[in-house]
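Position in the sequence shown (first residue = 1) + 250 = my numbering.
The next block holds one structure in the form of structure tokens; read it before the comments.
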Amino acid sequence: MNIDLIIMVPFVIMLLAVAFMPFVHSSWWNSHYKKVSLFLSGIIILYYLLVRHDAPRLGILLSEYFSFIVLIGSLFVVTGGIYLRVQGEATPARNTIFLILGSMMAVFIGTTGASMLLIRPWIYSNRYRITAFHIIFFIFMISNIGGCLSPIGDPPLFLGYLRGVPFFWLFQHLWAAWLIAMTLLATIFYFLDRRNFLQAPPSIRDLETKKETWTFQGLFNLLFLAVIIGAVFLPSPWREITMILAALSSYLLTSKNIFIANKFTFHPIEEVAWLFFGIFSTMVPVLDYLEERVALTSSYPALNPIHFYYITGFLSTCLDNAPTYLALLQLHLGIHGMSIEKASDVAYAATHAPQFLTAIALGAVFFGATTYIGNGPNFMVKSIAEDAKIRMPNFLHYIIFYSLPILAPILVLIGWMFCS
């Protein structure tokens with residue numbers, strides 16, 4: 251069998267382990283997931299060192315992983331120092347408004363920033379009747395789809411901006427798809443939440459309909475949050491240095507009482523760091539294989555926007571959506587004799603063939619919501635929810651009971667309306 255295919259087996263094992271082991275043997279998985287991640291990563295690292303003799307590729311891997319975990323970790327620490335609490339916020343209408351406003355916030359501070367800032371008050375405001383669907387719609391709307399209107403909103407879109415896609419191009423071409431998807435998801439959520447609300451005991455419904463009272467503490471951390479978001483535009487390593495300093499300053503200056511009130515622990519970021527190290531490492535051969543296939547197939551101009559939409563979307567469900575976005579953008583440009591390395595070519599494609607870039611952007615961002623690992627914030631939100639003792643569906647149940655019946659029809663509609 252081809253060695254290029256064999257070396258993808260660790261990635262498959264890693265995905266299957268993340269998907270099924272918490273369900274099959276949760277106690278074993280919780281005790282040994284770090285070892286599994288290290289073992290599978292070690293296979294890939296040794297392969298690239300001893301077989302391919304490609305140490306620079308490992309350097310790129312470590313750089314990408316370090317940038318990812320620094321961004322996620324710094325936002326996790328800073329938002330953990332902001333105490334937001336809302337009394338009387340958990341009626342269906344107020345919950346729906348919260349999700350819509352949170353999705354709009356993701357446009358300006360990114361899906362990761364909005365997710366880390368809002369997940370704790372979301373859990374707290376719904377504490378009397380919270381269920382898994384509250385968290386999953388939060389992932390759908392705030393952690394993913396909400397960020398599609400600006401380069402700051404989601405990592406693949408930011409990479410596109412750095413490559414030459416105009417800053418306001420996303421809003422100009424994606425606002426209608428965003429509006430339709432958000433409207434449908436908000437409507438579905440409202441009726442699900444209304445049913446949940448009506449099933450709650452009268453005493454709980456009375457608690458949740460009292461006059462709203464808001465509590466804010468640690469708001470000076472919004473300054474550190476702004477620093478982290480701004481640092482995204484800096485070159486490496488200044489980007490990571492700035493983020494680390496902002497997170498460290500926030501942690502040292504924030505009252506420990508705020509962390510206690512937020513029930514803040516480092517367990518969620520620790521779990522994400524270990525698991526995503528395994529995912530980042532083992533997916534390198536897959537990405538390299540895709541890049542080689544792109545080079546071989548770029549002479550076949552038979553792909554339409556809808557193909558780009560579904561290919562980008564499918565790969566974004568199990569691979570990091572940022573390199574997937576770049577790979578498909580490279581394919582589109584290569585078909586037309588252009589290069590992703592030339593900002594003028596990217597800008598030309600965005601202006602003269604916007605339907606292709608629209609398909610790639612929508613596929614990367616929207617399909618990232620279909621699995622826990624489709625986008626960075628998803629797994630973090632899941633981990634924080636579980637830390638708050640909320641029973642979350644496992645990987646497979648997430649797809650079967652939420653992504654397929656709720657999200658998939660919306661994704662098909664979006665593809666038909668904007669990519670056909």
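Note that the Cβ used here is the ideal one computed from N, Cα and C, for glycine as well.
Keep in mind it's a predicted model, so treat the numbers as computed, not measured.
Note the first and the last residue of the continuous alpha helix (DSSP H) segment covering residue i.
{"i": "residue 471", "result": "471-481"}
{"i": "residue 493", "result": "488-503"}
{"i": "residue 382", "result": "382-391"}
{"i": "residue 366", "result": "342-375"}
{"i": "residue 566", "result": "555-568"}
{"i": "residue 437", "result": "419-449"}
{"i": "residue 506", "result": "506-511"}
{"i": "residue 275", "result": "Unbroken run through residue 275: none, as it is neither H nor E."}
{"i": "residue 573", "result": "571-585"}
{"i": "residue 258", "result": "Segment: none, residue 258 is in no alpha helix (DSSP H) and carries neither H nor E."}
{"i": "residue 606", "result": "604-616"}
Measuring alpha carbon to alpha carbon, tell me which of the options ends up nearest residue i.
{"i": "residue 356", "options": "346, 660, 368", "result": "368"}
{"i": "residue 352", "options": "383, 389, 332", "result": "389"}
{"i": "residue 508", "options": "577, 653, 622, 331", "result": "331"}
{"i": "residue 288", "options": "465, 590, 260, 298", "result": "260"}
{"i": "residue 623", "options": "638, 438, 571", "result": "571"}
{"i": "residue 401", "options": "420, 386, 384, 387", "result": "420"}
{"i": "residue 578", "options": "568, 560, 594", "result": "560"}
{"i": "residue 514", "options": "593, 595, 371, 284", "result": "371"}
{"i": "residue 204", "options": "646, 666, 654", "result": "The structure shown does not extend to residue 204, since the chain is modelled only from 251 through 670, so no value can be given for it."}
{"i": "residue 527", "options": "264, 258, 666, 434", "result": "264"}
{"i": "residue 350", "options": "589, 659, 435", "result": "435"}
{"i": "residue 574", "options": "407, 305, 511, 283", "result": "407"}
{"i": "residue 283", "options": "295, 270, 294", "result": "270"}
{"i": "residue 328", "options": "404, 286, 272, 474", "result": "474"}
Under three-state DSSP, which class holds residue i?
{"i": "residue 516", "result": "coil"}
{"i": "residue 270", "result": "helix"}
{"i": "residue 466", "result": "strand"}
{"i": "residue 652", "result": "helix"}
{"i": "residue 333", "result": "strand"}
{"i": "residue 409", "result": "helix"}
{"i": "residue 398", "result": "helix"}
{"i": "residue 630", "result": "helix"}
{"i": "residue 597", "result": "helix"}
{"i": "residue 379", "result": "coil"}
{"i": "residue 639", "result": "coil"}
{"i": "residue 414", "result": "coil"}
{"i": "residue 552", "result": "coil"}
{"i": "residue 314", "result": "helix"}
{"i": "residue 592", "result": "coil"}
{"i": "residue 623", "result": "coil"}
{"i": "residue 661", "result": "helix"}
{"i": "residue 403", "result": "coil"}
{"i": "residue 302", "result": "coil"}
Cβ of residue i versus every heavy atom of the ligand HEM: is any distance shorter than 6 Å?
{"i": "residue 375", "result": "The ligand HEM is not part of the structure shown, which contains no ligands of any sort."}
Determine, using beta carbons only, whether residue i and residue j come nearer to each other than 7 Å.
{"i": "residue 326", "j": "residue 391", "result": "no"}
{"i": "residue 555", "j": "residue 669", "result": "yes"}
{"i": "residue 682", "j": "residue 450", "result": "Absent from the model: residue 682. The displayed extent of the chain is 251 to 670, so no value can be given."}
{"i": "residue 394", "j": "residue 618", "result": "yes"}
{"i": "residue 597", "j": "residue 414", "result": "yes"}
{"i": "residue 382", "j": "residue 643", "result": "yes"}
{"i": "residue 298", "j": "residue 290", "result": "no"}
{"i": "residue 661", "j": "residue 616", "result": "yes"}
{"i": "residue 439", "j": "residue 346", "result": "yes"}
{"i": "residue 375", "j": "residue 343", "result": "no"}
{"i": "residue 626", "j": "residue 562", "result": "no"}
{"i": "residue 315", "j": "residue 558", "result": "no"}
{"i": "residue 479", "j": "residue 363", "result": "yes"}
Item to check | Three-pair Cβ contact test at 8 Å for the segment 482-494 versus the segment 314-324 | outcome: Touching, yes.
Item to check | Sufficient close CB pairs (3 or more, under 8 Å) joining the segment 580-593 to the segment 521-539 | outcome: Counting C-beta pairs closer than 8 Å gives fewer than three between the segment 580-593 and the segment 521-539, which falls short of the contact rule.
Item to check | Touch test, the segment 601-619 against the segment 419-437, Cβ-Cβ under 8 Å, three pairs minimum | outcome: Three or more beta-carbon pairs drawn from the segment 601-619 and the segment 419-437 are found closer than 8 Å, and the two stretches are therefore classed as touching.
Checklist entry - How about the segment 622-636 and the segment 513-524: do they share at least three Cβ pairs that are nearer than 8 Å? => result Yes, since at least three Cβ pairs between the segment 622-636 and the segment 513-524 fall closer than 8 Å, the two stretches touch.
Item to check | Three CB pairs or more closer than 8 Å across the segment 499-513 and the segment 463-473 | outcome: Enough Cβ pairs lie closer than 8 Å, so yes.
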